[in-house]
Structure formats: structure tokens, C-alpha cells
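These protein sequences, in sequence, are chains A and B.
Under our numbering, think of the first position of the first sequence as 14, with each following residue one higher.
Under our numbering, think of the first position of the second sequence as 14, with each following residue one higher.
All C-beta atoms, glycine included, are put in the ideal place defined by N, C-alpha and C.
As the structure is a prediction and not an experimental result, all values here were calculated from the model.
Number of protein chains: 2
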Amino acid sequence: MSEHKAERIPAAERREQILEAAARVFGERGYAAATTDQVAQAAGISQPYVVRMFGSKEKLFGEVVERAGLRLQEVFRAAIADANERGLGIREKRDHLGRAYIDLVDGGGVLLPLMQSFLLGHDPVLGPKVRSVFVEIYQGLRDEAGLGAEGARDFLAYGMLINTLLTSDLPALYDEDPAARELLDMACGSKVRVVLDAAKARA
Amino acid sequence: MSEHKAERIPAAERREQILEAAARVFGERGYAAATTDQVAQAAGISQPYVVRMFGSKEKLFGEVVERAGLRLQEVFRAAIADANERGLGIREKRDHLGRAYIDLVDGGGVLLPLMQSFLLGHDPVLGPKVRSVFVEIYQGLRDEAGLGAEGARDFLAYGMLINTLLTSDLPALYDEDPAARELLDMACGSKVRVVLDAAKARA
DNA sequence: GTCTATAAGTGGATAGAC
DNA sequence: GTCTATCCACTTATAGAC
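Here it is as C-alpha cells:
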């Protein structure tokens, strides 16, 4: 299974690979259930190397969350700029942001680890970071995106619904359960395909 | 710390105590991070007894989720009946359901374990149960509550937002962070107090 | 009905070689 | 820069006494 003797590459580059692998593994299994060995295998290196590179599993997850938060903001900013260029109204802009959001399910490296992190409020170390990321996202939507307080809240609500549909793997029922299909169709709009494909890719 | 020699009570009653303790422990730490020993201590008995009573940690969690799903439906039905008696319109009925929903944070035995379960879609054993509970809740809102497909979707979205606010423990920032406060106020409406008190009780 | 003792397994982290 | 070997703590589950 495991590839012995991974090729020798710069630490910075290896770091990126591990972060990417970790984002997927943590996103799928959650912080507690994921093991550093699963991350290592996904990255094609040994378990101790993962720990050595980041100091601890906890620190690795912290970085994953940090990155995911930044990436999300980045994508939002790009979508906002695009919407502004096209002179979209507030309504269209919001939908535009929504589609950009759903596109992020692809790869599973942003939305899923973020959602997993939102369940760690109780953690003494990760909790504070999680809350700060959450609040920053809210402020970004409210101020930078110009959705306003209620608009940001609404956007967040639909985002959380989508996240939950993903983490419960409801797409697995799409073909068998009409209610699941209906809910997915309504929650994802024209982007259902993206979600279904992402789920299929993971399975 | 641990109370040795718990008093001898009927199995059925003990079962309830364990389920209640488990709902809180699982709700706070999540399935993977929670230990059967933490459940045992919360219930005031020994760890092996917890396992013996339910066969395994996995089965215990399954029952917790099952119960939480049923309890939620029960509360919805009561709220629907009440709304119908009072002849409330669709808008008011939905808000009435929303308030009944938030009241469930009290005790932490329903919303939190349910939310935690929604992150386990990937689990081969618990995943299917989680999806079935999710879909049943959706159908209950759509048909029994009469919210219709889109109404149920919207209700679910705000529910998931509230769940996420709770699991990330955003209430901890209520007094220090204006943005967190604003978001909580908007998401919970007149029921913020309930949420803040529940968070304080847990801490 | 409930406990103590403990087996068996898992996983994060450290040491040190190459 | 990366691995192998390994330690140690923790956790679930079982056995059997009371």
C-alpha cells in the first residue's frame, strides 16, 4: 500500500502536499476520527514525517482551518469583483457568490474541513480559532460583499445547509430517495451536478 | 471524582440515564472524540457498564441519534398542533416552529447530538441512519408542518445555522465581539437568551 | 445490576539512522 | 528530507467477582 522512499523534495513543497491531503482527510472524517497516518498515506509519506513537519496533529489541523478560511475569503473576493464588473444587482451578486461557494466542494479541501472545524467550539485550543474564522467570514459577507447583516446571515444559513448535506453524504441518496433529491436540487440549484460529482469522486 | 457503588436501580431506568448523559457528551465532543468513560462518569457509573448495556459505543450513539430524531419530530408536532389551534398563518406557524426549535438547545440533549451525527455521513454503519433521520426531518417539515418544499428547505437552513453557531460556541463571544453578538441576535431572534443561558450552563 | 481487573488494539509522538 | 523502530497513553471491550 504505502509508497516507501518518497522522493526528496523541498520542505515547502512537501508542506503544501501534506496540507492538501490533510484538508481532505480531516474534511471527510473530522478532526478526532482522522489519523495522522491517514494523512501521511494520502500524502504519500510516513506518519512520523507528518507530525515532525507540523509539530502535532492539532497544529496541522489549525493550519488547515486557517488556510481554508483564507481560501474561502479569496474566492468570495474574486466573485465579488466579478459581480461588480458585470454590474450585477444585490440579488444577482448573492446568487453569484452562492455558485462560487458551491464550486468549492470540488476537491473537498475547503468547505468540508471548515465545516468540521465549526463543530470544535468546545476545544480549548482550536475553539477560539474556529470562532475567529467564523466571524471573519460573516464580516466578509456583510461588509466586503455588501450583503448587509441580514443578507450575510441568510447566505450563511444556506451555506450551512449545503455543508450539512455534504457531510451527511445525502448525495448518496440522490438516485433512490425523491425527498433527498428534491432537497439537494433546491439547495444547490443549477450546481447540483458539481455536488453529485464531488460526492461520487470521493466514494 | 467517580462515585463508587452507584445505587442499584432497574435496568430500564439506568438505560435512560445513560442515554441522557450520552446525548450531552456526544453533543459536546462529537462521536469520535467522546469516550465511553466520559459518558459513564456523566451518568455516575462505571465505563464497562455503559458498554455492557448497549453492546458498543457505536450502538449507543445510534440510539442517541434515533431518540434525538424522534424527540425533535415530537416537539415539531406539538408546535404544529398548537399553531393550528391558534389559527396561525403559515408565516407565524413557521416562526412558532422556530422558537420551539431553539427551546430544544436547553439541556443540549437533542440538537447537538443530532448536529454531530450529520457530520458522520462517511461512516459505513452510522451514515445510513444519519441520512434517514435527516430526510425524515425534512419530510416532517414539508408535509406535516405544511411548510412545503421550499419552506422546509429554508427552515432547515436556519436550523443548521443555529446548530453551527452552537457547536462553534459562538455564544462565548457574545459579550466581546459585536459581530458575533449581531449574528446571534439575528439568528435567534427573541430566543437569544435561551441560547446564551444554555451555553453558560455548559461552561 | 454493577464493579474491578485487564486484555487487546490504536494512535500520536520521539529518537535516531540514513 | 525522510524513514524505521518504538514508546507510551488512551480507549473499547471482555471476563468474572460480588
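Reduced DSSP category for residue i - H, G, I as helix; E, B as strand; rest coil
i, result
"T49(B)", "helix"
"Y62(A)", "helix"
"Y171(A)", "helix"
"E79(A)", "helix"
"L125(A)", "helix"
"K18(A)", "coil"
"D156(A)", "helix"
"R27(A)", "helix"
"D136(B)", "coil"
"F131(A)", "coil"
"D95(B)", "helix"
"G40(B)", "helix"
"G161(A)", "helix"
"L32(B)", "helix"
Member of the options whose CA lies at the smallest distance from the CA of residue i
i, options, result
"T180(A)", "T180(B), A158(B), G134(B) and V205(B)", "G134(B)"
"A173(B)", "V207(B), L139(B), V118(B) and D188(B)", "A small correction: the amino acid at residue 173(B) is Met; Ala does not occupy that position in the sequence shown. For the residues V207(B), L139(B), V118(B) and D188(B), the minimum Cα distance to M173(B) belongs to V118(B)."
"R65(B)", "R37(B), R27(B), D95(B) and E33(B)", "R27(B)"
"L32(A)", "V88(A), V52(A) and R104(A)", "V52(A)"
"G164(A)", "G111(A), D190(A), P191(A) and D136(A)", "G111(A)"
"R155(A)", "V78(A), R107(A) and Q30(A)", "R107(A)"
"R144(B)", "L178(A), F67(A) and Q60(A)", "L178(A)"
"I175(A)", "N176(B), Y114(B) and A170(B)", "A170(B)"
"M199(A)", "M199(B), A162(B), R215(B) and E195(B)", "A162(B)"
"L84(B)", "L197(B), A47(B) and L125(B)", "The question names Leu, yet the displayed sequence has Arg at residue 84(B). Closest by alpha carbon: L125(B)."
"K72(B)", "Y44(B), D95(B) and D116(B)", "Y44(B)"
"I158(B)", "E79(B), F89(B), M128(B) and R42(B)", "Note that residue 158(B) corresponds to Ala in the displayed sequence, not to Ile. Residue F89(B) is the option with its Cα nearest to A158(B)."
"V38(B)", "V78(B), A24(B), R21(B) and K18(B)", "V78(B)"
"R21(A)", "P184(A), S59(A), P137(A) and V207(A)", "S59(A)"
"I150(B)", "D188(B), Y114(B), E189(B) and G57(B)", "Y114(B)"
"L12(A)", "A36(A), K204(A) and A212(A)", "This structure gives no information on residue 12(A), because the portion of chain A shown stretches from 14 to 216."
"P137(A)", "E29(A), G75(A), G202(A) and Y62(A)", "G75(A)"
"G122(B)", "L196(B), A19(B) and A34(B)", "A34(B)"
"M209(A)", "D182(A), T48(A) and A94(A)", "This sequence places Leu at residue 209(A); Met is not what is there. With distances taken between Cα atoms, L209(A) lies closest to D182(A)."
"E29(B)", "H17(B), A56(B), A216(B) and F147(B)", "A56(B)"
"G202(A)", "D116(A), D190(A), L127(A) and G153(A)", "D116(A)"
"R215(B)", "N97(B), R42(B) and A19(B)", "R42(B)"
"G82(B)", "F147(B), L196(B) and L139(B)", "F147(B)"
Span of the alpha helix (DSSP H) around residue i
i, result
"H109(B)", "I103 to D116"
"V143(A)", "L139 to Q152"
"D210(A)", "V205 to R215"
"P191(B)", "P191 to C201"
Check distances from the C-beta atoms of the stretch 25–45 of chain A to those of chain B and list, in chain order, the residues that come in under 9 Å. E41, R42, G43, Y44 and A45
Check each residue of the stretch 42–75 of chain A: if its Cβ is closer than 9 Å to any Cβ of chain B, include it; give the result in chain order. Against chain B - using a Cβ distance shorter than 9 Å - the residues of the stretch 42–75 of chain A are R42, G43, Y44, A45, A46 and A47.
When Cβ atoms are compared, which residues of the stretch 189–201 of chain A fall closer than 7 Å to chain B? D190, A192, A193, E195, L196, M199 and A200
Taking beta-carbon pairs under 9 Å, can you tell me which members of the stretch 92–115 of chain A lie near chain B? none
Along the stretch 147–166 of chain A, where does the CB come closer than 7 Å to a CB of chain B? Name the residues. F147, V148, Y151, Q152, A162, E163 and R166
Please list, in chain order, the residues of the stretch 129–145 of chain A that have any C-beta partner in chain B closer than 7 Å. When CB distances to chain B are screened at a threshold of 7 Å, the residues of the stretch 129–145 of chain A falling below it are Q129, F131, L132, G134, H135, G140, V143 and R144, in chain order.
May I ask you to list, following chain order, the residues of the stretch 167–180 of chain B that have a beta carbon less than 9 Å from some beta carbon of chain A? Under the 9 Å Cβ criterion, the stretch 167–180 of chain B contributes D167, L169, A170, Y171, G172, M173, L174, I175, N176, T177, L178, L179 and T180.
What residues in the stretch 201–215 of chain A have a beta carbon less than 8 Å from any beta carbon of chain B? Per Cβ criterion, the list is empty.
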